[in-house]
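Worksheet: one structure, shown below.
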Amino acid sequence: MKNKLPLYLSFCLVTAFVFNAFSQNKVTIDEYIPSTAMVCARSNTDTLDFNNHQGYKSAYSRIAKDQIDVNFTKLFYQNFPQESLPVPVTIVFELTISEQGVLESTEIIRSLFPDNTDDKMKTMIVDVTADSWNPAQYKGKNLTSQITLPITIYPKKNNKE
């Protein structure tokens, strides 16, 4: 009996695995189309390329990144005239762009400024990039997406910025 017990237990275990495998339903998933393309990574990187999926095109602004930086810098010094930055400072925003290319929400991921300036900074990025967004696309279909946008605020030039 001692010799047959391990054999009997092995047989029971194999039988259980076989019947369990046949009892599971196989579900096939149609080709995955993300309802919201998550293009941003909350890590120490500012942007993340989403080139794993052929046919995916990230949301983008029709305004050049350098021009957004310059426009934001000008607006920053208009709203905070007392500030004087000795070196360029980067603020990282997370933006949600709708299927229609409308900026739906903004969050500040990284900033060296006090928290009480966040609301004003969010308003400023909306003003600087208003009506300039093209939505993300996957195989020709517009998607709501999130992107990270690092903005550089430059030091004043001779107090005329």
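Just so we're aligned: the sequence shown equals residues -23 to -1, 1 to 138 in mature numbering (1 follows the signal peptide of the UniProt record, and there is no 0).
The beta carbon of each residue, even a glycine, is placed where N, CA and C say it ideally should be.
- Inter-residue distance for aspartate 46 and threonine 67 is about 10 Å (C-alpha atoms, whole angstroms).
- Within the same chain, Asp46, Phe49, Thr50, Phe53, Leu62, Pro65, Val66, Thr67 and Ile68 come within 8 Å of isoleucine 130 by CB-CB distance, once the 5 residues on both sides are set aside.
- Per DSSP, the continuous alpha helix (DSSP H) segment holding phenylalanine 49 begins and ends at 42 to 56.
- With distances taken between CA atoms, tyrosine 33 lies nearest to Leu120 out of Leu72, Thr73 and Leu120.
- Between the alpha carbons of isoleucine 40 and proline 91 lies a distance of about 28 Å.
- Annotation for lysine 99: the continuous alpha helix (DSSP H) segment containing it runs 95 to 105.
- Taking 3 residues as the shortest admissible run, the stretch 61 to 85 contains the following complete beta strand (DSSP E) segments, listed from N- to C-terminal end: 66 to 74.
- Each residue's CA atom was taken as its position, placing alanine 107 and leucine 80 some 8 Å apart.
- Separation of isoleucine 74 and proline 112 (C-alpha to C-alpha, rounded to the nearest whole angstrom) is 6 Å.
- Isoleucine 86 has its alpha-carbon roughly 24 Å from the corresponding atom of lysine 133.
- By the CB criterion at 7 Å, isoleucine 102 and phenylalanine 57 fall outside the cutoff.
- In the DSSP assignment, glutamine 114 falls within the unbroken beta strand (DSSP E) covering 113 to 115.
- In the DSSP annotation of this structure, proline 132 is not part of any beta strand (DSSP E), being labelled neither H nor E.
- One alpha carbon belongs to lysine 116, the other to serine 82, and they sit about 25 Å apart.
- Threonine 100 sits exposed, since fewer than 16 C-beta atoms from the chains shown fall within 10 Å of its C-beta.
- Taking C-alpha positions only, glutamine 31 is separated from lysine 118 by approximately 13 Å.
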